[in-house]
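First to last, the sequence lines map onto chains Z and V.
Residue 663 is where the first sequence starts when you use my numbering, and the numbers rise one by one after that.
Residue 21 is where the second sequence starts when you use my numbering, and the numbers rise one by one after that.
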Amino acid sequence: MSEIVHSNIFSRISDYAYKNKNFLLLTFLLPPLAWLGIVYLGSLLILLMHSFFYLDGFTGQIVYEFSFSTLIELFSQRANIDIIIRTVMMAFSVTLGATIIGLPVAYYMAKFTTKKTKAIFYLAVMLPLWSSYLVRVYAWKLILAKEGIINWTFAKLHLTWFIDYILSLPVIGGPSLSISYIGMFLVFTFIWLPFMIIPIQASLERVPNSLLDASSDLGAHPRKTFYKIILPLALPGIAAGSIFTFSLTLGDYIIPYIIGTSKFFIGQAVYTHQGVAGNVPLAAAFSIVPIAVMAIYISLAKRLGAFDAF
Amino acid sequence: MLFNNQPYVGQKKASLSLRFGAAFGILYLNVPLFFIILYAFTTEDKSFQFPPPGYTLKWFKIVLGREDIWNAVQLSLKIACLSTIIAIVLGTLAAAALYKRSFFGRETITLLIILPIALPGIITGISLRSAYGFAGIPFSSLTIIIGHATFCMVVVYNNVVARLRRSSPSLIEASMDLGANNFQTFRYVILPNLSTAILAGGMLAFALSFDEVIVTTFTAGQQTTLPIWMLTELIRPRQRPVTNVVAVFIICITFVPILIAYYLTRDHDSADGAGK
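Below is the structure:
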């Protein structure tokens, strides 16, 4: 008896849900939407709001009044502008580096692997992607250390002068590999490289083999096929991957802290202003910069077809 | 779609420069991790000297006896488990709602789900922190879990939505035609079909949460998760050999769920396309 009543109730709800698709949609959508809307979007709005507040210079307390003074402070100081330029330049270089290193891997994976070797390649890209970020940064600290493997190898090959030369270069150089922009660039590129490889590989897999056959039948050298066929068709993938490499570099504060020089990046500025200095409004204003840069960047990438790459 | 899973046969072998480039990329991604494992056995404890002057197992023994490390591991596991559960529920629901039907605002909602991972982690971190501060919520494990669940959701969502798009809608129609109601269809048709995708997404979410550090530094008060322990050690190295061993430990604990996730989704991703 109870069994029948039971199934009736369920059937009735079920019938109702079937007739009213919106009811089902709403029940599915409500929990995740409520979570993201309240927890994430709500927090984001509070953060953005903070950038219109300001810090009282005498009491060190946040004044909850609408004002542009924090934003003016951010963009009027040379040091802050330098931080923004430095970070954007690094993000740009890392994106470029990851594209150059990632493209051959993605091309090979998409077109020259058997089912078995593709699985190996796939794991070799995915394992570093998902494994610990900190451990991988730490690995580079071991590698770049003065007494570490890189310096040891170059010393054995009698090439120490080469490292000294690179480190003596302006801007990218520094006192040692682990305290220089060149070192930081190597680590950033290493950490975000899988984010570049995966979308490029996905977009190249969709390129029909007949297109490559046609190109070589018509007499194109593999190199020409690469520049004329592969590269243009990989562009949506590169655009999609660059969203990640660019965005992740913009916001990172741990790599510049551990590998970098004493000069700040945006992430460090945000971290320091909200932490030690207690200047949440300025930190909030700083964090608007990556959001704004990413908004511009994503709209550009969308035009290149970044969102068709997945 | 036919040619997708077949190797490109028109040109028998990749050119030498392409093979060199591909090998370089793969080595660049994987070799650094081997050094961590090597250094876990070194006898040198003052610097990162290469090659290690000698090899020993004593650091493993020391780590086993360290209570602060074990507490950090426990906290990290607890947070990863709880945020994975939340992420699985919310991510699966979102995927079920968004995979097929188009309705007003669908694009915006999709963007909203991806946003926590598309924007730099520091933005998520500091906005949560300022929200907690604004609302007067004290820091605890819960505040960390809320942050982690938010960005883990998208991982589960991605996996489930991919599976739903690949599985055939006629299965559900057949189940309904044969008289099953929504709940029965869900229990006997949809869930078995989705289970490995959900589990794979959950595994990745777990790995992601277990070693997350950027959002955690903003949402943790006095708690020390394993990545936070590691970060303090990275900034001021005081116990290099112990850190090396902990790093090896983290590699092991994150590789297991990633490999499981890979094997769970491997067959489906190549086979399910045929049903469409």
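Virtual Cβ for every residue (Gly too), placed ideally from N, Cα, C.
Excluding the 5 residues flanking it on each side, isoleucine 825 (chain Z) has same chain C-beta neighbours closer than 8 Å at Ile812, Asn813, Phe816 and Leu839, in chain order. Residue environment: asparagine 682 (chain Z) is assigned as exposed (fewer than 16 neighbouring CB atoms within 10 Å of its CB, all protein chains considered). The residue from V:Asn213, V:Gly41, V:Ile142 and V:Val51 with its alpha-carbon nearest to that of isoleucine 762 (chain Z) is V:Gly41. Burial state of serine 190 (chain V) is exposed, judged by a 10 Å Cβ sphere holding fewer than 16 other Cβ atoms. Proximity of alanine 92 (chain V) to chain Z, defined by a Cβ-Cβ separation below 9 Å, is not satisfied. With contacts defined as CB atoms closer than 9 Å, alanine 896 (chain Z) and serine 865 (chain Z) qualify as a contacting pair. Not a single CB atom of chain V sits nearer than 9 Å to the CB of glutamine 863 (chain Z). The beta-carbon of lysine 890 (chain Z) is placed no less than 9 Å from the nearest beta-carbon of chain V.
Alanine 138 (chain V) sits away from asparagine 179 (chain V), with the two beta carbons spaced by 9 Å or more. For the segment 909-930 of chain Z, residues whose beta-carbon sits nearer than 9 Å to a beta-carbon of chain V comprise Ser909, Leu910, Thr911, Leu912, Gly913, Asp914, Tyr915, Ile916, Tyr919, Ile920, Ile928 and Gly929. When only Cα atoms are considered, alanine 954 (chain Z) and arginine 748 (chain Z) end up about 16 Å apart. The way I'd put it, the segment 923-943 of chain Z doesn't touch the segment 789-807 of chain Z; fewer than three beta-carbon pairs between them come closer than 8 Å. The C-alpha of asparagine 941 (chain Z) is placed about 8 Å away from the C-alpha of glutamine 723 (chain Z).
The C-beta distance from isoleucine 841 (chain Z) to isoleucine 834 (chain Z) rounds to 12 Å, too long to fall under 8 Å, and the pair is not in contact. Separation of the CB atoms of leucine 789 (chain Z) and isoleucine 278 (chain V) is rounded to 6 Å, and the pair is thereby assigned contact status at 8 Å. Secondary structure at valine 725 (chain Z): strand, using DSSP grouped into helix, strand and coil. Assignment of alpha helix (DSSP H) within the segment 223-274 of chain V, counting only whole runs of 4 or more residues, yields 234-239 and 246-255 in chain order.
At least one CB of chain Z lies nearer than 9 Å to the CB of tyrosine 59 (chain V). In the structure shown, threonine 776 (chain Z) adopts coil according to DSSP, grouped into three states. Within 7 Å of the CB of glycine 141 (chain V), the CB atoms of chain Z belong to Gly913, in sequence order along the chain. Burial check for serine 729 (chain Z): the Cβ neighbour count within 10 Å stays below 16, so the residue is exposed. Counting the other Cβ atoms within 10 Å of the Cβ of glutamine 242 (chain V) gives fewer than 16, which makes it exposed.
Within the same chain, Tyr678 and Ala679 come within 7 Å of phenylalanine 685 (chain Z) by CB-CB distance, once the 5 residues on both sides are set aside.
Close to arginine 798 (chain Z), with beta-carbon spacing below 8 Å, are these residues of chain V in chain order: Pro52 and Leu53. Fully enclosed alpha helix (DSSP H) runs of no fewer than 4 residues occupy 126-138, 141-155, 161-186 and 189-197 of the segment 112-197 of chain V, in order along the chain. Neighbourhood of valine 233 (chain V) in chain Z, by CB distance below 8 Å: Tyr795, Leu796 and Ile916, in chain order.
Residues of the segment 939-966 of chain Z with a C-beta atom less than 8 Å from some C-beta of chain V are Val942, Ala945, Ala946, Ser949, Pro952, Ile953, Met956 and Ile960, listed in chain order. DSSP places tyrosine 75 (chain V) in the strand class (E or B) of the three-state scheme. Here serine 872 (chain Z) is not near phenylalanine 203 (chain V), since their CB atoms are 9 Å or more apart.
In this structure, the straight-line span from the alpha carbon of alanine 753 (chain Z) to that of isoleucine 916 (chain Z) is close to 14 Å.
A residue is called buried when at least 16 other Cβ atoms come within 10 angstroms of its Cβ; tryptophan 854 (chain Z) meets this threshold and is buried.
Taking the Cα of serine 924 (chain Z) as reference, the smallest distance to any Cα among Z:Tyr959, Z:Ile905, Z:Gly967 and Z:Met846 is reached at Z:Met846.
Only those residues of the segment 108-134 of chain V whose C-beta falls short of 8 Å from the nearest C-beta of chain Z are listed: Val109, Leu110, Gly111, Leu113, Ala114, Ala116, Ala117, Leu118, Arg121, Phe123, Ile129, Leu132 and Ile133. Listed along chain Z, no residue sits closer than 8 Å to isoleucine 82 (chain V) by beta-carbon distance, the nearest being about 18 Å off.
Here glycine 810 (chain Z) has Leu804 as same chain residues with Cβ atoms under 7 Å from its own Cβ, once five neighbours each way along the sequence are excluded. The shortest C-alpha to C-alpha distance from leucine 910 (chain Z) to any of Z:Phe850, Z:Leu880 and Z:Leu717 is the one to Z:Phe850.
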